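Asker:
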Amino acid sequence: SAAEKGGWSSFMRKEVSEQPEAVANTLRGRIVDDEVVIPELASFGDDELRSIRRITVIACGTAAYAGMVAKYAIEQWSRVPVEVELSHEFRYREPVLDEHTLVVSISQSGETMDTLMAVKYAREQGARTISICNTQGATIPRESDAVVYTHAGPEVAVASTKAFVAQIAALYLFGLHLARVRGTLSATELATQLAELQAVPEKLQAVLGEAEKVEQLAHWMADTRSVLFLGRHVGFPIAMEGALKLKELAYIHAEGFAAGELKHGPIALIEPGQPVFVVVPSPRGSANLHPKVVSNIQEIRARGARVIAIAEAGDAAVLPFADEVLRIPLAAPLFEPLLAVVPLQIFAMELAQAKGLDVDQPRNLAKSVTVE
Ligand code: G6P
245 SAAEKGGWSS
255 FMRKEVSEQP
265 EAVANTLRGR
275 IVDDEVVIPE
285 LASFGDDELR
295 SIRRITVIAC
305 GTAAYAGMVA
315 KYAIEQWSRV
325 PVEVELSHEF
335 RYREPVLDEH
345 TLVVSISQSG
355 ETMDTLMAVK
365 YAREQGARTI
375 SICNTQGATI
385 PRESDAVVYT
395 HAGPEVAVAS
405 TKAFVAQIAA
415 LYLFGLHLAR
425 VRGTLSATEL
435 ATQLAELQAV
445 PEKLQAVLGE
455 AEKVEQLAHW
465 MADTRSVLFL
475 GRHVGFPIAM
485 EGALKLKELA
495 YIHAEGFAAG
505 ELKHGPIALI
515 EPGQPVFVVV
525 PSPRGSANLH
535 PKVVSNIQEI
545 RARGARVIAI
555 AEAGDAAVLP
565 FADEVLRIPL
575 AAPLFEPLLA
585 VVPLQIFAME
595 LAQAKGLDVD
605 QPRNLAKSVT
615 VE
């Protein structure tokens with residue numbers, strides 16, 4: 245009903261706008277005196293967290309992209325190797341597991357059958373399991389050794405939005421906790437990262453304030469038949485999430501690529517007029533990926549692509565080559581995905597709306613897939 249939507253035209257629009265609170269609520273009470281405090285992880289003692297040799301993240305859909313983003317952060321901070329796998333692939337390949345493997349499942353609903361079966365399997369094989377879940381008392385957390393709840397609030401629209409940013413926030417908290425316990429980050433580094441994390445809600449609010457430009461773009465592009473998304477490092481999973489949103493909501497063929505992979509195939513798809521969203525890494529990043537992505541933009545532009553760059557405020561290097569630039573506030577490189585995803589969500593939602601589609605209930609999809 246209209247009342248349930250709180251005055252918004254759709255649940256999706258409401259949930260997109262609730263993302264600052266979703267992150268703030270997920271962080272609330274869990275950062276105390278520059279340290280991460282997660283009482284729900286009490287069953288995992290510090291010695292046990294120090295004995296972990298690797299982490300396998302399992303999830304489906306949007307949750308899997310949250311896992312891919314977190315892989316970069318958890319490895320960088322804690323130096324524990326992380327792999328991310330789709331639950332339904334993991335379960336059926338006889339994965340190598342032991343008591344030093346931590347399996348972290350991510351599920352908004354906590355009921356996705358593929359992920360549930362994968363968690364049960366991992367436990368049978370002796371792995372330790374943590375669930376990142378948005379639904380109190382759901383089946384996956386009950387089948388896991390511990391749960392870290394995201395507090396995004398109920399997500400009604402089929403396509404996941406606010407749960408995604410809350411999942412990344414929860415995984416970042418976990419990564420920073422692990423880094424402190426394992427001594428891989430200094431107190432100063434830890435405090436810096438925690439401050440970045442706490443600044444995310446306000447920055448998300450700023451991104452939402454810029455929605456109009458994205459909305460206009462989506463309306464101009466309502467006849468588009470195919471859209472490509474490029475990203476690198478943490479921008480790569482965001483490119484895939486942007487493509488997924490467009491498929492789910494607007495039924496448009498879309499694909500996300502790692503920008504570095506362009507020359508190994510996808511560049512053959514570029515023809516005049518092809519729209520390409522590019523998630524541009526910060527020019528302040530230490531890995532110097534920014535010039536590489538700017539040169540990717542030049543390469544596709546030279547072949548006629550219509551480039552829509554998502555770039556941080558003040559990044560002027562993209563201006564000569566991009567047809568449109570969507571700005572996000574300055575953030576440390578690992579925190580950019582939390583901001584860059586928002587214009588992509590809004591783009592897909594608006595384009596679907598421009599086509600007259602039901603953004604809350606896209607055809608053929610279910611909010612929670614409870615069959616294998
Ligand atoms: C379904 C939904 C997606 C969601 C995925 C995983 O396919 O349509 O939006 O990302 O399931 O759901 P979960 O509840 O496990 O996060």
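Using UniProt numbering, the letters of the sequence shown map in sequence onto residues 245 to 616. In this text, a Cβ means the ideal position worked out from N, Cα and C, and glycines have one as well. Only a predicted model underlies this, so the values are computations on that prediction, with no experimental measurement involved.
Is there contact between the stretch 428–438 and the stretch 533–540, where contact requires at least three CB pairs shorter than 8 Å?
Answerer: Contact between the stretch 428–438 and the stretch 533–540 is absent, because fewer than three Cβ pairs lie under 8 Å.
Asker: Give every residue of the same chain whose Cβ lies closer than 7 Å to the Cβ of A308, excluding the five residues on either side of it in the sequence, and list them in chain order.
Answerer: Closer than 7 Å at the Cβ level, and outside the excluded window around A308, lie V328 and L330.
Asker: Considering only their Cβ atoms, is the gap separating L582 from L461 smaller than 8 Å?
Answerer: No.
Asker: Between D342, G381, A401 and A498, which has its C-alpha nearest R367's C-alpha?
Answerer: Measuring from the Cα of R367, the nearest candidate turns out to be D342.
Asker: What distance in whole Å lies between the Cβ atoms of P606 and L488, which are believed to be in contact at a cut-off of 8 Å?
Answerer: Incorrect: roughly 11 Å between the Cβ atoms, too far for contact.
Asker: Could you give the residue range of the beta strand (DSSP E) that holds R469?
Answerer: Here R469 belongs to no beta strand (DSSP E), and DSSP marks it neither H nor E.
Asker: Rounded to a whole number of angstroms, what is the C-alpha to C-alpha distance between E505 and A390?
Answerer: Roughly 37 Å between the two C-alpha positions.
Asker: Touching or not, the stretch 305–320 and the stretch 341–356, by the rule of three or more beta carbon pairs under 8 Å?
Answerer: Yes, the stretch 305–320 touches the stretch 341–356.
Asker: Below 6 Å CB to CB, which residues in the same chain sit around L262 once its five sequence neighbours on both sides are set aside?
Answerer: The sequence shown places Glu at residue 262, not Leu. Counting only Cβ-Cβ distances below 6 Å, and skipping sequence neighbours, we find K406.
Asker: Taking only the alpha-carbon atoms, compute the straight-line gap between A531 and P283 and give it to the nearest angstrom.
Answerer: C-alpha separation (whole angstroms): 35 Å.
Asker: Quick check: the Cα distance between L563 and V569, rounded to an integer number of angstroms?
Answerer: The straight-line gap from Cα to Cα measures roughly 7 Å.
Asker: With a cut-off of 8 Å, do at least 3 Cβ pairs link the stretch 507–524 to the stretch 547–561?
Answerer: Yes: at least three Cβ pairs fall under 8 Å.
Asker: Can you tell me the Cβ-Cβ gap for G475 and A483, rounded? I've got them flagged as a contact below 8 Å.
Answerer: Right, the Cβ-Cβ distance comes to about 3 Å (below 8 Å), so this counts as a contact.
Asker: Which partner residues of I572 appear in the DSSP bridge assignment?
Answerer: According to DSSP, which records beta bridges pairwise, I572 is partnered with E556.
Asker: Hey, is G311 close to the ligand G6P, as in C-beta under 7 Å from one of its heavy atoms?
Answerer: No, the Cβ of G311 stays beyond 7 Å of every heavy atom of the ligand G6P.
Asker: Roughly how many angstroms lie between the CA atoms of G600 and H463, to the nearest whole one?
Answerer: So the two alpha carbons sit approximately 11 Å from each other.
Asker: Measuring alpha carbon to alpha carbon, tell me which residue in A555, D567, K507 and T436 is nearest G517.
Answerer: Nearest C-alpha to G517: D567.
Asker: Is it buried or exposed, K507, if we count other Cβ atoms within 10 angstroms and call 16 or more buried?
Answerer: It counts as exposed.
Asker: Please look up how many angstroms separate the CB atoms of V451 and V586, rounded, as I've assumed it's under 8 Å.
Answerer: So it is a contact: roughly 5 Å between Cβ atoms.
Asker: How many Å lie between N378 and L285 at the Cα?
Answerer: Cα to Cα, the separation comes out at about 16 Å.
Asker: In the DSSP output, what is R550 paired with across the bridge?
Answerer: BP columns for R550 point to P519.
Asker: DSSP has G475 in a bridge; who is on the other side?
Answerer: According to DSSP, which records beta bridges pairwise, G475 is partnered with A502.
Asker: Check for me: the beta strand (DSSP E) holding Y336 runs from which residue to which?
Answerer: That residue, Y336, is in no beta strand (DSSP E); it is neither H nor E in DSSP.
Asker: Output the distance between the C-alpha atoms of D278 and L438, rounded to the nearest integer angstrom.
Answerer: About 7 Å.
Asker: Beta-carbon separation of F480 and F521 under 8 Å?
Answerer: Cβ distance not < 8 Å, so F480 and F521 don't count as in contact.
Asker: Whole angstroms is fine: what's the gap from A592's alpha carbon to M256's?
Answerer: The alpha-carbon atoms of A592 and M256 are separated by roughly 11 Å.
Asker: Closest by CA to A396, which one among S353, I302, R426 and S612?
Answerer: Considering only alpha carbons, the answer is S353.
Asker: Taking just the CA atoms, how far does T394 sit from T270?
Answerer: T270 and T394: Cα-Cα distance of roughly 5 Å.
Asker: Answer yes or no: do R335 and M357 have a C-beta to C-beta separation smaller than 8 Å?
Answerer: For R335 and M357, no; Cβs fall outside 8 Å.
Asker: Which residue or residues does DSSP assign as beta-bridge partners of L601?
Answerer: For L601, which the question treats as bridged, DSSP gives no partner whatsoever.
Asker: From P264 to E446, what distance separates their C-alpha atoms?
Answerer: Each residue's Cα considered, the two are about 7 Å apart.
Asker: Mind reading off the beta-carbon distance from I590 to V260? Whole number of angstroms is fine, and I expect it under 8 Å.
Answerer: Indeed, because the Cβ distance is near 6 Å, the residues count as touching under 8 Å.
Asker: Report yes if the CB atom of V444 is closer than 8 Å to the CB atom of A414, and no otherwise.
Answerer: Contact: no.
Asker: With distance defined between alpha-carbon atoms, name the residue in E616, L609 and V615 nearest to V400.
Answerer: When each option's Cα is compared against that of V400, the closest is L609.
Asker: At a cut-off of 7 Å, is V402 close to the ligand G6P when judged by its beta-carbon and the heavy atoms of the ligand?
Answerer: Yes - the ligand G6P has a heavy atom lying nearer than 7 Å to the Cβ of V402.
Asker: Output the distance between the C-alpha atoms of E440 and G529, rounded to the nearest integer angstrom.
Answerer: Rounded to the nearest angstrom, the two C-alpha atoms are 14 Å apart.
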